[in-house]
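Mapped onto the working numbering, the consecutive letters of the sequence shown carry residue numbers 6 to 143. Cβ atoms here follow ideal geometry from the backbone N, Cα and C, with glycine treated the same way. Since we're looking at a predicted model, the values are computed, not measured. Everything on this sheet refers to the single structure shown next.
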Amino acid sequence: MTAAAAAPPTHADGMLFVEYYKLWDTPRDSEPWTLLHRLNAEGAFEDAAAVAARVPRSSPDYGLFDRVCCSFEQAGVLMRNGLLHPDLYFEGWVSPRPVWNLVAEAVRGLRETNAEAYVNFEWLAERYDEWRAARAPR
């Protein structure tokens with residue numbers, strides 16, 4: 006399934022999206038998103054070093070940062086393997102592009118020690134761009 010899937014979503018696609026939503030939209034998920042907004046307001050995403058200084062991997066805040074990134078990482082894995090319908094995800098979830106743009110420098114820093122860090126999140130943001138372009142009025 007490509008980002009601009011030709012087939013409309015099925016009931017099974019909808020059920021998988023609902024399960025995804027249940028996993029990543031819980032009462033505890035307001036804290037990770039609040040942290041991301043706060044870090045952005047503080048200018049912590051300017052470069053990888055700033056993020057690493059503000060959110061060391063051993064800190065509770067890193068766990069919150071990771072939770073947001075992992076929600077997109079999992080969606081990327083599912084979509085890349087044809088299990089998550091792009092129309093449902095891109096219409097029903099937070100757009101991955103602005104979030105990727107926000108965290109990209111931090112992820113580049115993480116990739117110095119883990120080359121695979123959030124590669125599916127990055128892929129998902131690229132697919133979103135393609136999906137959106139395919140749906141744009143001509």
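Endpoints, the alpha helix (DSSP H) within which residue i is located
i	result
Met77	The sequence as given places Phe at residue 77; Met does not occur at that position. 65-85 is the extent of the alpha helix (DSSP H) around Phe77.
Asp18	16-29
Asp34	Unbroken run through Asp34: none, as it is neither H nor E.
Arg125	Inspection of the sequence shows that residue 125 is occupied by Asn rather than by Arg. Start and end: 124-140.
Arg113	101-115
Rounded straight-line distance, which links the Cα of residue j to that of residue i
i	j	result
Arg43	Gly68	15 Å
Leu115	Asn45	18 Å
Ser100	His90	14 Å
Arg33	Arg72	10 Å
His16	Gly48	42 Å
Glu110	Asp134	19 Å
Ala12	Phe95	15 Å
Asp92	Thr39	27 Å
Gly4	Met20	Since the first and last residues shown for the chain are 6 and 143, residue 4 lies out of range.
Gly87	Asp66	32 Å
Phe50	Gln79	22 Å
Leu41	Val112	14 Å
Ala53	Pro142	37 Å
contact_flag[the stretch 120-138, the stretch 65-85] where n(CB pairs < 8 Å) is 3 or more:
yes
With contact counted as at least three CB pairs below 8 Å, one residue from each stretch, are the stretch 55-66 and the stretch 14-26 in contact?
no
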